[in-house]
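Going by the UniProt record's numbering, the residue at position 158 of the first sequence is 158; the numbering climbs one at a time, nothing skipped.
Below: one structure, written as structure tokens.
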Amino acid sequence: MGRGELSFERGGALSAAPLPRGFFDRPSHEVAPDLLGRVLVHGPVAVRLTEVEAYGGPGEDPAAHTYRGRTPRNAVMFGPPGHLYVYFTYGMHFCANLVCLPEGSGSAVLLRAGEVVAGVSEARARRSPGKPAASGAEPAPGDARSAGEARSAGEARSAGDARLAGDARPAGRRIADRDLARGPARLAVALGLLREHNGLDAVIDGSPAGRPHQSAAVLEGRPADPDLIRSGPRTGISTAKDTPWRFWIDGDETVSPYRAHVPRRRSAAATSVGEAPRS
DNA sequence: GGTCTGATTGACT
DNA sequence: GTCAATCAGACCC
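Right, dumping it as structure tokens:
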């Protein structure tokens, strides 16, 4: 596909011009609101971003994964801007970020929600249970296979893998279009982003033909109306709660509901001796 | 090596 | 509204 306008299944005509790497070479709290309305494409699925959160660098932002410095897990965040930082959390979910600032800075923007504008059927298949498409929608050419798909049939899988393969929910319930990528983990599933996509470059340098294996890109899309951009505290974090680095498009139905951080109750197994362990 | 927490989600009451 | 699932990473001893 060339430059200019691209007509997606949903969302109308959007600019298909890729964002340059310089777009991401700015502080994450500046990049974040500018990302609203942009389109992240991975394989056959494209999502127009409607909600994001900015995270700062080491020693700067207590809520950021990089606050305590570089580790193997967060190494991608210290890499060049425009790359995807995909991490595994809660034992079952993946979340995706776009790295900001020059190499070594350690800041990124978490992609929290969006509207699926292309590849709706593929996105729904990934989010839905019991359909062959859950394993058949993936992969786009050049994409790696999901963790679940990478295993042979019948082999035991973790709940996380099962969820990724789309069979963690009772069959028969159709997911509303607005919910396909509403929430960071849902967005990652809809886009088919997994552990192996950590570090994937989302910037197209030069002609796409010169990067035949690149499967992710951020397109100009249709930037959000500045009058509709809202900001507030970030979701689900226990520190730096007052930093208003969550940005969303006001009134957009795909924006996820705000949830404050809920401290985990100590389990019975952890608080008393002799009781049954968790689960 | 042991323990705790987590940038979440879906099921359930 | 509450709660459990699930495991990797970080921290502490």
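The C-beta atom is built at its ideal place from N, Cα and C for all residues, glycine as well.
Here the structure is a predicted model, which is why all the values come from computation and not from measurement.
Test item: CB-CB of residue i and residue j under 7 Å
i, j, result
"residue 256", "residue 182", "yes"
"residue 280", "residue 18", "Only positions 1 to 279 of the chain appear in this structure, which leaves residue 280 out of reach."
"residue 245", "residue 51", "no"
"residue 254", "residue 115", "yes"
"residue 221", "residue 37", "yes"
"residue 127", "residue 45", "no"
Cut-off 7 Å between Cβ atoms - residues of its own chain near residue i, not counting five sequence neighbours on either side
i, result
"residue 141", "The predicted position of residue 141 is uncertain, since its pLDDT is 36 and thus under 50; a value taken from the coordinates is nonetheless stated next. Answer for residue 141: no residue qualifies."
"residue 160", "At residue 160, the pLDDT of 47 sits below 50, so the modelled position is not reliable and the matter cannot be decided from this model."
"residue 237", "63 and 261"
"residue 251", "228"
Extent of the continuous alpha helix (DSSP H) to which residue i belongs
i, result
"residue 31", "28 to 35"
"residue 189", "184 to 191"
"residue 22", "21 to 24"
Other residues of its chain near residue i: CB distance less than 6 Å, five sequence neighbours each side excluded
i, result
"residue 241", "233"
Spatial neighbours of residue i in its chain, beta-carbon cut-off 8 Å, leaving aside the 5 residues before and after
i, result
"residue 156", "Below a pLDDT of 50, predicted positions are generally treated as unreliable, and residue 156, at 38, falls in that range; no measurement from the model is reported."
"residue 104", "78"
"residue 195", "86, 88, 94 and 147"
Segment limits, beta strand (DSSP E) that includes residue i
i, result
"residue 107", "107 to 118"
"residue 231", "229 to 232"
"residue 219", "216 to 221"
"residue 97", "93 to 100"
"residue 196", "That residue, residue 196, is in no beta strand (DSSP E); it is neither H nor E in DSSP."
"residue 248", "246 to 249"
"residue 48", "45 to 55"
"residue 40", "39 to 42"
Distance between beta carbons of residue j and residue i, contact taken as under 8 Å
i, j, result
"residue 111", "residue 187", "6 Å"
"residue 83", "residue 202", "7 Å"
When the Cβ atoms of the segment 71 to 85 are set against those of the segment 114 to 122, are three or more pairs found closer than 8 Å?
The segment 71 to 85 and the segment 114 to 122 do not touch, with fewer than 3 CB-CB distances between them shorter than 8 Å.
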